Amino acid sequence: MADANIPHIAIIPSPGVGHLIPLLEFAKRLVDHHRFTVTFIFPGESSPSSAQISILNSLPSSIASVFLPPVDLSDLPSTAGIETRISLTVTRSNPALRELFGSLSAEKRLPAVLVVDLFGTDAFDVAAEFHVSPYIFNPTNANVLSFLLHLPKLDETLSCDFKDLTEPIRIPGCVPITGKDLSDPCQDQSDDAYKWLLHNAKRFKEAEGILLNSFVDLEPNAIKALQEPGPDNPPVYPIGPLVNTGSSCPNDEYECLNWLDDQPLGSVLYVSFGSGGTLTCEQLNELAFGLAESGKRFIWVIRSPSGIANSSFFNSHSQTDPSTFLPPGFLDRTKGKGLVVPSWAPQVQILAHPSTGGFLTHCGWNSTLESIVNGVPLIAWPLYAEQKTNALLLVEDVRVALRARNSDNMIVRKQEVVRVVNRLMEGEEGKAIRNKMKELKEGAVRVLREDGLSTKALNEVSLKRAFRERSLAFRKVTFYPCLPARLFRFWLDSSDFSLAYSNYSCVELYPAGPSPFLANTPRVLPLTRGRRDRRRPFFNIRRRPEEALDLSDGSLIFREMVNRSL
């Protein structure tokens with residue numbers, strides 16, 4: 001059994017490797033620097049993937065894993081969006097999560113905190129039942145988080161669809177964004193994917209805090225705006241960049257790393273569309289022709305073409321021989337200057353290699369942060385999800401990327417590939433972007449130092465009572481109508497407890513069951529006015545050790561004889 005004195009949190013990642021990676025880095029920091037134990041709870045519609053198992057097998061013993069029974073999504077159409085599938089997977093896993101929490105409670109191993117990502121807020125229902133504090137981990141940037149926090153109000157006030165807006169949306173601290181640059185679900189507000197995005201966004205205010213995988217040097221204005229007090233805004237903690245630093249395996253395990261060793265410094269363009277991105281056959285051919293005509297060295301991580309941009313999201317490691325779908329003669333034409341790698345490559349090691357001088361990317365946030373910590377400039381080629389928003393941020397605001405522009409039929413032609421590759425790898429724009437990336441790389445190092453801003457933010461949230469102690473539940477609350485409605489802050493020593501709000505100020509509380517707090521619980525005195533919880537009003541309660549109260553009858557009685565307003 002785990003040591004009861006060691007803080008324990010549970011994390012529910014969305015299905016797919018992309019959201020898992022930063023959450024694993026978050027868990028490692030809690031374990032290594034704050035002596036937490038962590039349990040990952042995996043919902044899914046199938047058995048765990050080989051990629052998940054491989055990643056989890058490498059984790060320390062203080063990070064445990066539980067796979068919930070697969071849920072049935074057979075009622076969904078084949079066209080259902082990723083957001084719909086992910087959200088429903090979490091929602092339909094609630095009964096299994098409830099059973100798991102019941103077992104953990106019986107074993108006295110119930111976590112103090114439940115952390116979910118953007119599509120897991122329905123798990124808050126189970127957390128509330130077990131008095132577990134809910135938190136959100138935002139795996140993307142502050143601009144995207146700001147939009148999601150504003151989405152419920154935007155949905156109520158806009159008179160047309162986002163895609164039909166004639167003016168950009170302006171959110172405090174963020175880059176102005178047009179409707180066409182919003183995430184895929186926002187392009188069709190009648191689709192279930194948008195409805196689920198909105199549903200989750202409406203529940204963000206229920207979180208006790210939001211953990212943000214970004215850092216102040218990268219998004220100073222957006223983060224400052226997020227941290228301004230607001231009635232429905234939970235505290236935001238910028239704790240990034242949370243990135244995998246790669247394995248320590250020798251280069252000879254990977255042909256591509258050996259190949260990089262033989263290339264000039266900064267001469268290679270790395271081309272990859274992440275763990276889930278794919279191109280159409282026409283687009284793949286245009287990219288191949290453009291890379292060949294540019295004459296630049298490249299490593300291209302390639303998947304077989306598909307008409308659906310995110311078709312590999314749930315199956316990122318499928319293997320297909322590239323020679324079966326690349327243009328005839330391409331491999332011979334680029335031999336020596338180019339290397340094609342099927343499906344997957346050690347991206348972190350490639351970006352850290354001194355021969356890598358640029359990254360043509362889909363603008364997934366994990367890939368973006370991995371580029372930044374290694375100082376590698378970008379070509380932005382967004383495909384799906386929030387990647388167009390990320391690209392806008394990187395090109396227009398942070399200025400560490402060049403945008404690959406598509407034609408009227410949404411294809412990036414070979415001439416554009418040649419143009420943007422040459423501008424990045426040898427032009428003055430590329431030099432300016434490289435210098436900016438160097439500044440951000442240094443900023444990423446600073447914020448992760450012992451006295452850095454991201455380290456301090458993680459320290460702050462990890463020291464909160466919610467992360468270390470669970471609430472004490474009560475099975476019955478009786479209210480006595482003696483005084484007008486008031487909300488007080490009481491002190492009971494070391495732990496905060498949430499209670500229902502009363503219209504009266506004399507309260508009799510009956511503990512729900514045996515508790516270590518009952519032996520020496522003292523008389524309770526009102527000290528300060530409390531505040532309203534974002535979901536419901538409540539009493540904050542802590543013990544005060546200098547005065548005792550007889551609890552032999554099993555009741556805890558508050559009799560507030562206060563004749564003046566606090």
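Residue numbers (the UniProt record's numbering): 1 to 566.
Just so it is clear, CB atoms sit at the ideal spot from N, CA and C, and this is done for glycine as well.
Computed from a predicted structure; not experimentally measured.
Inter-segment contact for the region 130-137 and the region 104-119 is present: three or more beta-carbon pairs are separated by less than 8 angstroms.
Per DSSP, the continuous beta strand (DSSP E) segment holding Ser-272 begins and ends at 268-272. Under the criterion of beta carbons closer than 8 angstroms, Leu-424 and Ile-379 qualify as touching, at roughly 6 angstroms. Counting only residues of its own chain and dropping the five nearest sequence neighbours on each side, Ala-352 has a CB closer than 6 angstroms to the CB of Asn-374.
The region 328-411 is shown to contain whole beta strand (DSSP E) runs of 3 or more residues at 338-342, 356-361, 378-380, 401-403, in chain order. The residue from Ala-112, Val-71, Asn-244 with its alpha-carbon nearest to that of His-19 is Asn-244. Residues Leu-269, Pro-377, Leu-424, Met-425 of the same chain have their beta carbon placed closer than 6 angstroms to that of Gly-358, with the five preceding and five following residues left out of the count. Put simply, the region 212-229 does not touch the region 176-192. Fewer than three CB pairs are less than 8 angstroms apart. The region 385-395 and the region 180-200 touch, with three or more beta-carbon pairs separated by less than 8 angstroms.
In the DSSP assignment, Ile-177 falls outside any alpha helix (DSSP H), carrying neither H nor E.
Shortest Cα-Cα distance from Arg-303 to any of Pro-7, Ile-55, Gln-283, Val-348 involves Gln-283. A direct Cα-Cα distance of roughly 8 angstroms separates Ser-323 from Leu-331.
Residue Leu-30 holds the alpha-carbon nearest to the alpha-carbon of Ala-10 among Leu-30, Val-17, Thr-334. In the three-state reduction of the DSSP assignment, Ala-123 falls in the helix class. Around the beta carbon of Ala-432, fewer than 16 other beta carbons sit within 10 angstroms, so the residue counts as exposed. Inter-residue distance for Gly-452 and Val-126 is about 35 angstroms (C-alpha atoms, whole angstroms). Assigned with DSSP and collapsed to three states, Pro-234 falls in coil, not helix or strand. One thing to note: Ser-14 has its Cβ no nearer than 9 angstroms to the Cβ of Val-66. The Cβ atoms of Thr-280 and Pro-305 sit closer than 9 angstroms to each other.
Contact between Leu-68 and Ser-93 holds, since their C-beta atoms are separated by about 5 angstroms, short of 8 angstroms. As computed with DSSP, Asn-213 is found in no beta bridge at all. Boundaries of the beta strand (DSSP E) harbouring Ala-64: 63-67, taken from the DSSP string.
Going by DSSP, Ile-169 is part of no beta strand (DSSP E) at all; its letter is neither H nor E.
Asp-217 sits buried, since 16 or more C-beta atoms from the chains shown fall within 10 Å of its C-beta. Apart from the 5 residues on each side of it in sequence, Ala-207 sits with its Cβ closer than 7 angstroms to the Cβ of Pro-134, Tyr-135, Ile-136, Pro-234 in its chain, given in chain order. Judged by DSSP secondary structure, Val-116 falls within the beta strand (DSSP E) whose first and last residues are 113-116.
Around the beta carbon of Glu-370, 16 or more other beta carbons lie within 10 angstroms, which makes this residue buried. DSSP, reduced to helix, strand and coil, places Phe-130 outside both helices and strands of the structure shown, so it counts as coil. The beta carbon of Arg-468 sits closer than 7 angstroms to those of Pro-7, Ala-112, all from its chain and outside the five residues before and after it, given in chain order.
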